[in-house]
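Per my numbering, the sequence shown starts with residue 14, numbered consecutively. Think of the CB as a built atom: it goes at the ideal place given N, C-alpha and C, for glycine as much as any other residue. In this text, all values refer to a predicted model and were calculated from it rather than measured experimentally. Some notes on the structure that comes next.
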Amino acid sequence: MPTYDLYAQDPGDPLWQVPASGAARFSWEYDDGRDRLLALYQKGKDKQWDGQRRIDWHLEVDPYDPLGIPDESLTLYGTRHWAKMTERDKGELRKHYASWQFSQFLHGEQGAMVCAARIVESVPDLDAKFYSATQTMDEARHAEIYGRFLHEKIGMVYPINDNLQSLLGDTLRDSRWDMPYLGMQVLIEGLALAAFGMIRDTTDKPLPKQILAYVMQDEARHVAFGRMALRDCYKQLSDAELREREEFVIEGCYLMRDRLRGVEVLENFGIPRAEAEEYSEQSEFLALFRQLLFSRIVPCVKDIGLWGKRLQQAYVDMGVFEMGNSNLDLLMAQDEEIAEKLDAERFAVEERERMAEVGEAIEAGAAES
Numbered sequence: 014m015p016t017y018d019l020y021a022q023d024p025g026d027p028l029w030q031v032p033a034s035g036a037a038r039f040s041w042e043y044d045d046g047r048d049r050l051l052a053l054y055q056k057g058k059d060k061q062w063d064g065q066r067r068i069d070w071h072l073e074v075d076p077y078d079p080l081g082i083p084d085e086s087l088t089l090y091g092t093r094h095w096a097k098m099t100e101r102d103k104g105e106l107r108k109h110y111a112s113w114q115f116s117q118f119l120h121g122e123q124g125a126m127v128c129a130a131r132i133v134e135s136v137p138d139l140d141a142k143f144y145s146a147t148q149t150m151d152e153a154r155h156a157e158i159y160g161r162f163l164h165e166k167i168g169m170v171y172p173i174n175d176n177l178q179s180l181l182g183d184t185l186r187d188s189r190w191d192m193p194y195l196g197m198q199v200l201i202e203g204l205a206l207a208a209f210g211m212i213r214d215t216t217d218k219p220l221p222k223q224i225l226a227y228v229m230q231d232e233a234r235h236v237a238f239g240r241m242a243l244r245d246c247y248k249q250l251s252d253a254e255l256r257e258r259e260e261f262v263i264e265g266c267y268l269m270r271d272r273l274r275g276v277e278v279l280e281n282f283g284i285p286r287a288e289a290e291e292y293s294e295q296s297e298f299l300a301l302f303r304q305l306l307f308s309r310i311v312p313c314v315k316d317i318g319l320w321g322k323r324l325q326q327a328y329v330d331m332g333v334f335e336m337g338n339s340n341l342d343l344l345m346a347q348d349e350e351i352a353e354k355l356d357a358e359r360f361a362v363e364e365r366e367r368m369a370e371v372g373e374a375i376e377a378g379a380a381e382s
C-alpha cells in the first residue's frame with residue numbers, strides 16, 4: 014500500500030526540496046588519514062548487515078499495543094479524557110503513539126542519510142569521506158527498516174514533526190561543511206539514540222526491541238565519528254566561529270526539547286492544540302523523557318569543545334547541565350553490547366531448535382528401520 018494512504022494526517026507536498034549551498038570538495042591525497050577514523054571506517058565496513066535477514070520479521074505485532082510499554086507513559090493517562098475511553102479507544106491511542114514515534118524515527122533516518130551524503134560531498138578529508146559513505150548506507154538501512162515496520166506491523170504513518178523538519182532544513186541549508194556533522198551527528202543522532210534507548214529498554218515486544226538494538230549499534234559508531242571529526246576541527250576555529258556553532262546548538266536543543274511531545278496525536282483524538290500542549294507540559298513521564306533525551310547530546314557537545322558560558326547557561330535553564338559529566342563512551346559501549354547479546358541469545362535459540370530437529374529426524378529414521 015502506498016505510504017500516502019497510511020498517513021494519519023495530511024503530510025502536504027510529497028516532495029520537500031531544501032536548497033543546498035556550499036562547495037563539493039575533492040582530495041587528491043589518497044594515502045594519508047587519521048588512524049582512529051580509518052579504524053572506524055573499517056569497523057563500519059565490517060559491521061554492515063542486512064535488515065531483511067538479521068531482523069525476524071515473522072514476529073507478530075499487535076498494532077493496538079505495538080510496544081507493550083506502560084499506559085502511564087501516555088500523555089492522556091489519568092486525565093478526564095482517559096477516564097472516558099473504552100479499551101478499544103486506548104488501543105487506538107497506543108497505535109497512534111507508536112506510529113508517531115516510529116514515523117519521526119523514519120523521517121529522521123532519511124534526514125541522516127541525506128546529511129551523511131552531504132558530508133561525503135563537502136568534507137575536505139578523504140578519511141572522513143570514506144566513513145561517511147558507510148554511514149550513508151547505514152542510514153538507508155535504518156529508513157528501510159522503520160518504513161517496513163510502520164507499513165507491515167502498524168499500518169499507519171505520521172508526517173514529519175515541524176521542529177524536526179526545521180532543524181533538518183537549517184542543517185542542510187548551511188554552507189559550512191561542519192554543520193551536517195553538528196546538526197545531524199550530534200543533535201539529531203544524539204537525541205534519537207536516547208529516544209531509541211528508552212523504548213528499547215522498556216518494551217516487552219521482541220520485534221521493536223530487535224530493531225532498536227541493531228539500529229543503536231550502528232548509531233554508536235556515527236556519534237563517535239562526529240565527535241572525532243568535530244573535535245579536530247573545532248580546535249582550529251576562532252572564538253567567534255565557536256560561538257556561532259554554540260548558538261546553532263542552543264537553538265537546535267530548544268527545538269528538540271519541544272519536538273517529542275506527540276501533540277499531533279492528541280489533536281487526532283479531538284483535543285484542541287492548546288489543551289494537548291498543556292497535558293504534555295504536565296506529564297511526569299514526558300518531563301523525564303525530555304530530560305533523558307539530552308543524555309547523549311550534552312556530553313558530546315562538551316567533548317567536541319563547544320562549552321561557552323551562554324551554552325552552559327542554556328543547559329542549566331533546561332535542567333540538563335549535569336549530564337555534561339556523563340560517560341558517553343560507556344553508553345556507546347553498552348549499546349553495542351546489548352545488540353551483540355541479543356544476537357547471541359537469538360542464535361543460541363535457533364541452534365537448539367536445529368539440534369532438536371536433527372534429533373527428531375534421527376529418531377524417526379531409527380524407528381522406521
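CA-to-CA distance, Glu-42 to Leu-139, given in whole angstroms: A direct Cα-Cα distance of roughly 7 angstroms separates Leu-139 from Glu-42.
Sequence-distant residues of its chain with Cβ nearer than 7 angstroms to Arg-186 (five each side left out): These residues qualify, in order along the chain: Val-31, Pro-32, Ser-34.
Inspect the beta-carbon positions of Phe-282 and Leu-106 and report whether they are closer than 8 angstroms. Contact flag set, yes.
Continuous alpha helix (DSSP H) assignments of at least 4 residues falling wholly in the segment 50-99: Runs found: 64-67, 93-97.
Report yes or no: do the segment 313-325 and the segment 251-261 share at least 3 C-beta pairs separated by less than 8 angstroms? Yes: at least three Cβ pairs fall under 8 angstroms.
Nearest residue (CA-CA) to Gln-198, options Asn-174, Arg-359, Thr-149: Residue nearest to Gln-198 within the set Asn-174, Arg-359, Thr-149 is Thr-149 (criterion: CA-CA distance).
Near Leu-72, what residues of its chain come up, given a Cβ to Cβ distance below 7 angstroms and the 5 sequence neighbours on each side ignored? For Leu-72, where only same-chain residues beyond five positions count, the Cβ hits under 7 angstroms are Pro-219, Leu-220.
As a quick exercise: from Glu-254, Val-311, His-120, Ile-132, pick the residue whose alpha carbon is nearest that of Asn-338. Taking only the C-alpha atoms, the option nearest Asn-338 is Val-311.
For Tyr-267, name the three-state secondary structure that DSSP assigns. Reduced to three states, the DSSP call for Tyr-267 is helix.
Proximity winner among Glu-358, Ala-327, Ser-112, Asp-356, relative to Asp-75 (alpha-carbon distances): In this structure, Ser-112 is the residue among Glu-358, Ala-327, Ser-112, Asp-356 with its C-alpha nearest to the C-alpha of Asp-75.
Cα-Cα separation between Phe-360 and Thr-147, rounded to whole angstroms: So the alpha carbons of these two residues sit roughly 26 angstroms apart.
If you draw a straight line from the alpha carbon of Glu-100 to that of Thr-92, how long is it in whole angstroms? Going from the Cα of Glu-100 to the Cα of Thr-92 covers about 15 angstroms.
For Gly-203 versus Cys-128, is the C-beta spacing smaller than 8 angstroms? No; because the gap between Cβ atoms is not below 8 angstroms, this pair is not in contact.
So what does Val-170 bridge to, in DSSP terms? Answer is Tyr-20, bridged to Val-170.
At which residue ranges does the segment 131-160 contain complete beta strand (DSSP E) runs of 3 or more residues, listed in the order of the chain? You should have found no qualifying run.
For Phe-143, which residues in the same chain have their Cβ closer than 6 angstroms to its Cβ, ignoring the five residues on either side in sequence? Answer for Phe-143: Tyr-54, listed in chain order.
Apply the 10 Å Cβ neighbour rule to Gln-230 and answer buried if 16 or more other Cβ atoms are within range, or exposed otherwise. Buried, since its Cβ has 16 or more Cβ neighbours within 10 Å.
Looking only at its own chain, which residues have a Cβ that is under 8 angstroms from the Cβ of Ile-224, when we skip the five neighbours before and after it? These residues qualify, in order along the chain: Ile-68, Ile-158, Tyr-159, Phe-162.
With DSSP as the reference, label Ile-310 as helix, strand or coil. Of the three classes helix, strand and coil, the one that applies to Ile-310 here is helix, per DSSP.
Does Gln-114 pass the burial test, meaning 16 or more other C-beta atoms within 10 Å, or should it be called exposed? Here Gln-114 is buried: its Cβ has 16 or more other Cβ atoms, across all protein chains shown, within 10 Å.
May I ask you to check if the CB of Gly-121 is nearer than 7 angstroms to at least one heavy atom of the ligand PLP? Inclusion of the ligand PLP in the displayed structure is not the case, the ligand content being empty and no account of it being possible.
Pick from Asp-84, Arg-244, Lys-56: whose alpha carbon is nearest that of Asp-151? Looking from the CA of Asp-151, the closest CA among Asp-84, Arg-244, Lys-56 belongs to Lys-56.
Can you tell me whether DSSP reads Glu-350 as helix, strand or coil? In this structure, Glu-350 counts as helix in the three-state DSSP scheme.
Short Cβ contact (8 angstroms threshold) for Arg-309 with Leu-341: It is a contact, given that the beta carbons lie within the stated cut-off.
According to DSSP, is Arg-47 part of a helix, a strand, or is it coil? Here Arg-47 sits in coil by DSSP.
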